[in-house]
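Protein chains in written order, with my numbering: chain A, 251 to 316; chain B, 110 to 415. Idealized CB from N, CA, C, for every residue including glycine. Note that the structure is a prediction, hence the values are computed from the model and not measured. Comments concern the structure below.
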Amino acid sequence: MSFTLKIKDQVEERVIDGDLTIKDLLDELDLSSETMVSKKNGEIVIEEETIEDGDEIEFIQIIYGG
Amino acid sequence: MESCTKCGNPNVIIKRKASGQALCKDCFIESIEKKVKQTIKKEKFLEKGDKVLVALSGGKDSVVTLEILNSYVKRYIIELCAVTIDEGIAGYRDEGVEIAKAHAERLGIPHKVVSFKESFGIDLDEIMETEGHRGSCTYCGVFRRWIINRAAREFGATKIATGHNLDDETQAILMNYLEGNMENLAKIGPKTESNSEMFTVKIKPLREIPEKEIGLYAIAKGLDIHFAGCPYAQESFRMEISNILKDLSKDHPTIMYSTLRGFDKIRQALRQELAHDYEYDRCERCGEPSSNRLCRACTFLEELGK
């Protein structure tokens, strides 16, 4: 099973190995949920949302330092 | 999965740790607008007939400020105008300026873009190439305030609205307290209260909304936003405080609200004890209000040989 991950202009296909939530993915990428909004297939979702085969996941950074 | 605490919609976009609420998109948008309007009412930010200048960078805070204040324009309570400042930061500022222009045009709001270059004869990129400069944020803050104050007078604005959010306010409170800078601490508040008529009153409609929720609101509403970090942003004391507050908020989700609420309770006492009204005169060089011979902007410009 795989899904598409989009962050800014970068798009990549990733393989799911077992159950994966948005929070798991953020942790894996060392991204903070405090600074990101997550979308699944174009809709905003909370970090408990499960990622499924064929999903398009987008992380939008809304908070920048400085 | 939880459903919306208010309407039962299963598509929840936020779980607020501070209140335990889970909200769907529509209920979240409504809750933000309601909260901002409560702040505006509580702090008596707006009077019928006000002309409010929004300092519009194209970032989430200023665009959301403009969007929510526009609901008062639709009800014929206030007029809006906006100014966008082009500091002259290559590869960063242009996108924000274009987004700001598009929002002003979409809402039919009089808008002007003012650059550091046209105002001061030097832009931020050039300043950062000079030897012994004071750091980007020092110039940026002072020069932006100069332009915003002047733009407010040119537009005939009665108020200036900025996008300061809950995170900004609590950071400022903690920073000034921890540094023992009590005079600056006493100046923090929902609106500036200078006795001088040379300054336009500044208001902060978003001061009770966490930064993250402003970003979420902007995305939920489908607003075009300039999401990008300033290339000159650097490690600063503010950033350290911001990180401490974010860490604390994980286990103490109400910490920023309580910091602000507690501060608001002692604010008047602090002002009485510590704030003193400066005697304002005109800056000899530019004519803007200043308590010294030269205002800070002109002091910096003389240092820069401008």
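Look at E263/B: its C-beta is not under 8 Å from any C-beta on chain A.
Of all residues in the region 314-337 of chain B, only E320, K321, I323, G324, L325, A327, I328, A329, I334, F336, A337 come within less than 9 Å of chain A when Cβ atoms are compared, listed by chain position. Here T271/B is actually not in contact with T309/B; their C-beta atoms are around 11 Å apart, not less than 8 Å. Remark: C-beta atoms of P319/B and L275/B approach each other more closely than 8 Å. The Cβ-Cβ distance between I313/A and K126/B does not fall below 8 Å. L233/B places its beta carbon 8 Å or farther from that of V192/B.
Taking the Cα of K134/B as reference, the smallest distance to any Cα among V295/A, V261/A, G304/A, T254/A is reached at V295/A. Look at I257/A: its C-beta is not under 8 Å from any C-beta on chain B.
Listed as beta-bridge partners of Q260/A by DSSP are I257/A. Taking 8 Å as the upper bound for CB-CB distance, I186/B and L165/B are not in contact here, some 19 Å apart. The CB of Q260/A never comes closer than 9 Å to any CB in chain B; the least such distance is about 14 Å.
When Cβ-Cβ separations below 8 Å define contact, E302/A makes no contact with chain B. Residues of the same chain with a CB within less than 8 Å of the CB of Y248/B, apart from the 5 flanking positions on each side, are L233, I236, H242, F409 in chain order.
Within chain A, not a single residue places a beta-carbon under 8 Å from that of M307/B; the smallest gap is close to 30 Å. Taking a C-beta distance under 8 Å as the contact criterion, C116/B and A131/B do not qualify as a contact pair.
Residue state for K221/B is assigned as strand, using DSSP reduced to three classes. Put simply, of S345/B, C339/B, Y286/B, A261/B the residue whose alpha carbon is nearest the alpha carbon of E306/B is A261/B. D203/B: member of the alpha helix (DSSP H) spanning 202-216, first to last residue.
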